[in-house]
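Everything below concerns the one structure shown next.
Numbering (my numbering), first residue to last: 686 to 1066.
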């Protein structure tokens, strides 16, 4: 009997950034692609390493990041991201070179799939002559902020604020992005500008761009992203002690039962008893709330969370903004969401939005088809 030829397998190398709000969607994507027959290797910095025991089907490889303890303890987000992009390029190159030397012809590396903030990965992919796929774990609209800063014109990027005066975009999207730009200018430094230009450059060079969204939720923003980038288509939140106490008293005085989740890993929104979700509006939390049909009480803190809040409150109309941490204000907001007619209407809209989101995920839906198209594209490399 002739020996049956071993089936060829394509291996995908995922490069993670060590922030939980980014790690989770990257591992979810890896799980989906594993189910489609791809082998998965996860390369990650040593700082805040993911728990490999949760995914025994993947190969996990840590690489040196040389992050100073002082920088990590200070919580300097952009400093950490900049340092990772400078410190990890050499170790990642060496790691993948070793993989290529030991490569099984039946388990070849097809491409590098990297978090968009680990933008040096595209340079590594180009150097090793491998395709690079960029993954944006935040909403599509945040991609448009890459063209906001001065200095990008010299590199051939369009200022989005200028383009909005030339192209037809909705007043609301325009307002949301101007607010995002204004908030980012408060933390603008040469290092931040350099990093954002590098991210934009990597998106321009990648073989494909994956955005963690649903097309009808961000149709206008996705259209602009495709125009600007010509691509195939730490959430950080903290409150001080005073705000924590005001939150506790506001919840207690609203005379409504509540569940306060103070540690990660508890998915409770699918429970029918949940009538509202108080959130910082991280993108992962926002998508989960939409998928479960739960209206939101929004108190954003940082970066895209304000933009996500605008989506929830002003575009989809399935949530309320909590403007300040004060017991009386919190009590009133909870009453509006949980008792008043306004909140009841929001719950109806949230359930309707959930039903709309389910359609693209079913066989033949846009998300379902996009994942199949992605698998075909990877196999074509």
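Don't be surprised by glycine CBs; every beta carbon is placed ideally from N, CA and C.
Distance check for residue j and residue i, CA to CA, integer angstroms please.
| i | j | result |
| --- | --- | --- |
| residue 824 | residue 993 | 8 Å |
| residue 760 | residue 800 | 20 Å |
| residue 1028 | residue 694 | 51 Å |
| residue 920 | residue 757 | 15 Å |
| residue 918 | residue 1056 | Note on residue 918: pLDDT 47, under 50, position unreliable in the model; no value is reported. |
| residue 821 | residue 765 | 18 Å |
| residue 898 | residue 749 | 31 Å |
| residue 1017 | residue 896 | 36 Å |
| residue 716 | residue 700 | 14 Å |
| residue 777 | residue 808 | 11 Å |
| residue 1000 | residue 911 | 21 Å |
Could you pull out every residue in the same chain whose Cβ sits closer than 7 Å to the Cβ of residue i, ignoring the five residues on either side in sequence?
| i | result |
| --- | --- |
| residue 1039 | 975, 976, 977 and 978 |
| residue 1046 | 1052 and 1053 |
| residue 983 | 964, 966, 994, 997, 998, 1004, 1005, 1006 and 1007 |
| residue 954 | 962, 973, 974, 977 and 979 |
| residue 903 | 824, 825 and 826 |
| residue 1042 | 899, 975 and 976 |
| residue 1021 | 1005, 1027 and 1028 |
Can you tell me which of the options puts its alpha carbon nearest to the alpha carbon of residue i?
| i | options | result |
| --- | --- | --- |
| residue 1036 | 1006, 1053, 1049 and 981 | 981 |
| residue 703 | 744, 736 and 782 | 736 |
| residue 705 | 725, 722 and 729 | 729 |
| residue 1061 | 701, 1010, 1033 and 723 | 723 |
| residue 697 | 725, 711, 712 and 708 | 725 |
| residue 658 | 769, 1026, 864 and 816 | No information on residue 658 is available, as it lies outside the stretch 686 to 1066 that the chain covers here. |
| residue 960 | 900, 1023, 714 and 1016 | 1023 |
| residue 740 | 719, 972, 802 and 901 | 719 |
| residue 968 | 762, 752 and 989 | 989 |
| residue 707 | 1000, 1058, 970 and 1025 | 970 |
| residue 771 | 804, 907, 1015 and 952 | 804 |
Whose C-beta lies closer than 8 Å to the C-beta of residue i among residues of the same chain, with five residues either side of it excluded?
| i | result |
| --- | --- |
| residue 785 | 794 and 813 |
DSSP has residue i in a bridge; who is on the other side?
| i | result |
| --- | --- |
| residue 1068 | What is shown of the chain runs 686 to 1066, which leaves residue 1068 out entirely. |
| residue 704 | Partner(s): none; residue 704 has no beta bridge. |
| residue 1006 | 983 |
| residue 964 | 983 |
Going by beta carbon distance, what residues of the same chain come within less than 6 Å of residue i, once the five residues before and after it are set aside?
| i | result |
| --- | --- |
| residue 664 | The requested residue 664 is not part of the displayed model; the chain covers only 686 to 1066. |
| residue 810 | 797 and 817 |
| residue 744 | 726 |
query = Taking the runs of the alpha helix (DSSP H) that are 4 residues or longer, which of them lie wholly in the stretch 754-808?
reply = Counting whole runs of 4 or more residues, the stretch 754-808 contains the alpha helix (DSSP H) stretches 754-759, 762-772 and 774-786.
message = So within the stretch 872-902, which uninterrupted alpha helix (DSSP H) runs reach at least 4 residues, ignoring any that extend past its ends?
response = You should have 875-890.
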